[in-house]
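If you're matching them up, the sequences are chains S and W in order. Heads up: the first sequence runs through residues 1 to 283, numbered per this note's numbering. Heads up: the second sequence runs through residues 1001 to 1283, numbered per this note's numbering. All residues carry an ideal CB built from backbone N, CA and C; glycine is no exception. The next block holds one structure in the form of structure tokens; read it before the comments.
There are 2 protein chains.
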Amino acid sequence: MADTATTPLSELDRDIAVTAVASGGEEATYAADLAPGWVVGGGLNGGYLLAVVGSALRQHLPDKPDPVTISASYCSASVPGRAEVRVRVRRNGGSLATAAAELWQGEELRLTTLATYGDLARLQAGSNPFERVSAAAPELPPRDSCVPASFAPEGFKRVAPMLDRFDLLLHPDQVGWAVGEPTGRGAFSAWFRHHDREPDPLSLLQVLDALPPVTYDLGLPGWAPTLELTCHLRRVPAPGWLRVQHVSRNVAGGMFEEDCEVWDSAGRLVAQSRQLARLPRPR
Amino acid sequence: MADTATTPLSELDRDIAVTAVASGGEEATYAADLAPGWVVGGGLNGGYLLAVVGSALRQHLPDKPDPVTISASYCSASVPGRAEVRVRVRRNGGSLATAAAELWQGEELRLTTLATYGDLARLQAGSNPFERVSAAAPELPPRDSCVPASFAPEGFKRVAPMLDRFDLLLHPDQVGWAVGEPTGRGAFSAWFRHHDREPDPLSLLQVLDALPPVTYDLGLPGWAPTLELTCHLRRVPAPGWLRVQHVSRNVAGGMFEEDCEVWDSAGRLVAQSRQLARLPRPR
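What follows is the structure, given as structure tokens:
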């Protein structure tokens, strides 16, 4: 076990840390300080915000440390600075707990969520060992043949300081959108690693929303507001590089679903998410 | 427009009707009467319960009549009889509202949900017309070559009165599980129609959870408890028969995700859902 007295916290762990400030009745409140390093475009990254909420839930449910599922509705754009996470446990018994949690800044609701927490390793150890996996990990060239997000133009990086938080190596066949030549397929895949920590179920919440929206690959750049995002954490990830894949199969009626999968270095599908988002307005 | 004064309500509409009983502060309460006709196995069908909650939300948000997204955690098994839906609006502005809603029976929380409501037809009319659909509708033989759920053995139908609520015609290649010969693929597809009503976004909540769990097709019969279920309503469905498909791509770690798609008679993908469930215990 790591010696927490001497091991410095990773950047992500520092930036999602929360402090209990109030507990009474059925609601508990945790203070957070949203870090400017996770800004991308007009607000803070949705996956980072989810990890902040997830961090408060973990602190509130010490014997059930892992997110198993979390669903979120994004209500308004967050800004760096003080925030509160308000947790209401809805059920806690056996190996799982269900809780509602909201992220507030002053009088503004940023994010409302519904989550299931448990101990992923323990859940798995005591469960039916049957396996059947037809999902396939994304086929990615070796990392030195992929395109680092740090190659993005300076103008882009200036509005997306989040890109400095991790190594993101994009499939070389899927970066044409950056120069006005999207593939039109609506899919992205990449290698991913936080600079200074190994993945765990909580950090995967950030990973599940780290890539650009697939609409960029469809020739529809611009803001694609998320209506709803649900994450399923399927396993404790092995250390090492992750492979991440985004795809949409039904872009229609002004909306699109975006399915994300995260695969670990052992070749396991460790997290899945699906979001429903609105298409950017035509230009 | 139908003359609601003389058109009798459909069975589903009768069984999901709610009555406002209290409204104060930020919470409103609606009374419901859960109908025994929707029992399947040890409790009421999860899709029916979601439609009951959805019915209260529709009544509470008159200018935003359609579910667009709803995520649910099932906390305890519901029983026929009195229930309450408690609604807390979290955000209501522009074309969308976000609300939390819970289904209670006495002191027991049955179901907690987070939903986005709007007017689907209006949302679509004012949106980016770009379309790209790579999802494919399930390939089903003609209806008279499929296997009606009403052919199930009497012993099965006795514990699943829900099967009398709709026409469900299963793909003939996927019914082997009923005689101990599952295909092992983990997929189901079927024709679906409620007896006495055309589909609408609310009724689709029931349709998204009407088929048996794909675990039956994997040779794992038994109760597969749902941890979380999220539905996305993508379009107002056309009248007529629906095609429904369930599939799982990652059965591992004691859990499986089940993706459901509902296609309407016009060949449109009108609803998607994903649930995370635990595998049945080994026998």
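Other residues of its chain near residue i: CB distance less than 8 Å, five sequence neighbours each side excluded
| i | result |
| --- | --- |
| S:Gly43 | Ala77, Ser78 and Val79 |
| W:Asp1119 | Asp1063, Lys1064, Pro1065, Asp1066 and Ser1095 |
| W:Asp1003 | Only weak support is given to the placement of W:Asp1003: the predicted model assigns it a pLDDT of 49, under 50, and the value that follows is read from those uncertain coordinates. Here the set comprises nothing. |
| S:Arg274 | Leu229, Thr230, Glu257, Glu258, Asp259 and Cys260 |
| W:Ala1152 | Ala1160, Leu1163 and Ala1178 |
| S:Ser203 | Leu12, Ala51, His194 and Arg197 |
| W:Gly1081 | Asp1033, Leu1034 and Gln1105 |
| S:Met255 | Leu227, Leu276, Ala277, Arg278 and Leu279 |
| W:Gly1024 | none |
Rounded Cβ spacing between residue i and residue j (contact assumed at less than 8 Å)
| i | j | result |
| --- | --- | --- |
| S:Gln232 | S:Gln272 | It should be noted that the sequence gives His, not Gln, for residue 232 of chain S. Correct: roughly 5 Å between the Cβ atoms. |
| W:Leu1049 | W:Ala1097 | In fact, because the Cβ distance is near 21 Å, the residues do not count as touching under 8 Å. |
| S:Leu103 | S:Val52 | 7 Å |
| S:Leu9 | S:Ala83 | Actually they do not touch by this definition, with Cβ atoms about 19 Å apart. |
| W:Leu1168 | W:Phe1130 | Between W:Phe1130 and W:Leu1168 the Cβ distance is about 35 Å, and since that is not below 8 Å, they are no contact. |
| W:Arg1249 | S:Ser150 | Not quite, the Cβ-Cβ distance comes to about 33 Å (not below 8 Å), so this is no contact. |
| W:Ala1032 | W:Val1021 | In fact, because the Cβ distance is near 10 Å, the residues do not count as touching under 8 Å. |
| W:Gly1054 | W:Arg1165 | That pair is no contact at about 17 Å. |
Contacts that residue i makes with chain W (C-beta to C-beta distance below 9 Å)
| i | result |
| --- | --- |
| S:Val133 | Arg1249, Asn1250, Val1251 and Ala1252 |
| S:Pro282 | Asn1128, Pro1129 and Phe1130 |
| S:Val68 | Leu1227, Glu1228, Met1255 and Leu1276 |
| S:Thr116 | Ser1073, Leu1227, Glu1228 and Leu1276 |
| S:Leu109 | Arg1090, Arg1091 and Thr1098 |
7 Å CB neighbourhood of residue i in its chain, flanking five on each side removed
| i | result |
| --- | --- |
| S:Met1 | Legend: pLDDT at S:Met1 = 43, less than 50; position of this residue unreliable, no value from coordinates given. |
| W:Leu1218 | Pro1182, Gly1184, Gly1186 and Val1251 |
| W:Leu1140 | Cys1146, His1171, Ser1189, Trp1191 and Arg1243 |
| S:Leu211 | Phe188, Ala190, Val244 and His246 |
| S:Ala266 | Ala238 |
| S:Gly176 | Pro182 and Thr183 |
| W:Pro1201 | Asp1066, Pro1067, Leu1120, Leu1233 and Val1236 |
Chain-ordered chain S contacts of residue i [CB-CB under 8 Å]
| i | result |
| --- | --- |
| W:Val1040 | None at all; the shortest Cβ gap to chain S is about 22 Å. |
| W:Gly1186 | Arg132 and Ser134 |
| W:Thr1007 | Within 8 Å Cβ-Cβ: nothing; W:Thr1007 doesn't reach chain S, min ~28 Å. |
| W:Leu1242 | Neighbours of W:Leu1242 on chain S: none; closest Cβ ~16 Å, over 8 Å. |
| W:Leu1220 | Asn128 and Phe130 |
| W:Leu1279 | Ser127, Asn128 and Phe130 |
| W:Thr1183 | None at all; the shortest Cβ gap to chain S is about 12 Å. |
Contacts around residue i, its chain only, beta-carbon distance under 6 Å, and the 5 residues preceding and following it disregarded
| i | result |
| --- | --- |
| W:Ala1224 | Pro1213, Thr1215, Ala1277 and Pro1280 |
| S:Ile70 | Thr113, Ala115 and Cys231 |
| W:Glu1026 | Arg1088 |
| W:Pro1237 | Pro1199, Asp1264 and Val1270 |
| S:Pro282 | none |
| S:Asp15 | Ala35 |
| W:Arg1058 | Pro1065 |
| S:Gln245 | Pro138, Ser189 and Glu261 |
| W:His1136 | Sequence check: residue 1136 of chain W is Ala here, not His. If we look at W:Ala1136 and ignore the five residues flanking it on each side, it has no Cβ neighbours. |
| S:Ala222 | Residue identity differs from the one stated: residue 222 of chain S is Gly in this sequence, not Ala. Taken in chain order, the residues that qualify are Pro280. |
| S:Val68 | Thr116, Gly118 and Leu233 |
| W:Arg1268 | Arg1235 |
| S:Tyr30 | Val18, Ala20, Ala56 and Val85 |
Nearest candidate by alpha-carbon position, reference residue i, set the options
| i | options | result |
| --- | --- | --- |
| S:Gly47 | S:Ala31, S:Thr29 and S:Ser73 | S:Ser73 |
| S:Arg122 | S:Ser134, S:Val251, S:Leu269 and S:Arg234 | S:Arg234 |
| W:Val1040 | W:Val1247, W:Leu1227, W:Pro1239 and W:Asp1209 | W:Asp1209 |
| S:Val251 | W:Ser1127, W:Trp1038, W:Ala1031 and W:Ala1101 | W:Ser1127 |
| W:Gln1174 | W:Arg1132, W:Arg1143, W:Arg1243 and W:Val1147 | W:Val1147 |
| S:Gly106 | S:Pro239, S:Val85 and S:Leu218 | S:Val85 |
| S:Ala56 | S:Gly81, S:Asn45 and S:Ala28 | S:Ala28 |
| W:Cys1075 | S:Ala100, S:Val247 and S:Pro201 | S:Ala100 |
| S:Asn45 | S:Pro239, S:Ala125 and S:Thr226 | S:Thr226 |
| S:Gln124 | W:Pro1201, W:Thr1007 and W:Gly1253 | W:Gly1253 |
| W:Val1247 | S:Ser23, S:Pro142, S:Tyr30 and S:Arg132 | S:Arg132 |
| S:Leu220 | S:Gly180, S:Pro239, S:Leu211 and S:Gly240 | S:Gly180 |
| S:Trp241 | S:Arg143, S:Gly176 and S:Val68 | S:Arg143 |
Neighbouring residues, chain W, relative to residue i (Cβ below 8 Å)
| i | result |
| --- | --- |
| S:Cys75 | Arg1090, Arg1091 and Thr1098 |
| S:Gln245 | Those within 8 Å of S:Gln245 in chain W number zero; the least Cβ separation is about 12 Å. |
Interface partners of residue i on chain S, CB under 9 Å
| i | result |
| --- | --- |
| W:Arg1234 | Asn250, Ala252, Gly253, Met255, Glu257 and Leu276 |
| W:Gln1174 | Neighbours of W:Gln1174 on chain S: none; closest Cβ ~16 Å, over 9 Å. |
| W:Leu1269 | Arg249, Asn250 and Ala252 |
Contact list for residue i against chain W, beta-carbon separation under 7 Å
| i | result |
| --- | --- |
| S:Gln105 | Residues of chain W passing the Cβ test: none, with the nearest at roughly 14 Å. |
| S:Gln206 | Here the premise fails: no neighbours, minimum Cβ distance about 20 Å. |
Within chain S, the residues that residue i reaches when beta carbons sit closer than 7 Å
| i | result |
| --- | --- |
| W:Gln1059 | Residues of chain S passing the Cβ test: none, with the nearest at roughly 20 Å. |
Inspect the CB distances between the stretch 1082-1097 of chain W and the stretch 1112-1129 of chain W and report whether three or more fall short of 8 Å.
Yes, since at least three Cβ pairs between the stretch 1082-1097 of chain W and the stretch 1112-1129 of chain W fall closer than 8 Å, the two stretches touch.
Should the stretch 181-193 of chain S be regarded as contacting the stretch 150-162 of chain S, the criterion being three or more beta carbon pairs within less than 8 Å?
The stretch 181-193 of chain S makes no contact with the stretch 150-162 of chain S; the number of CB pairs closer than 8 Å stays below 3.
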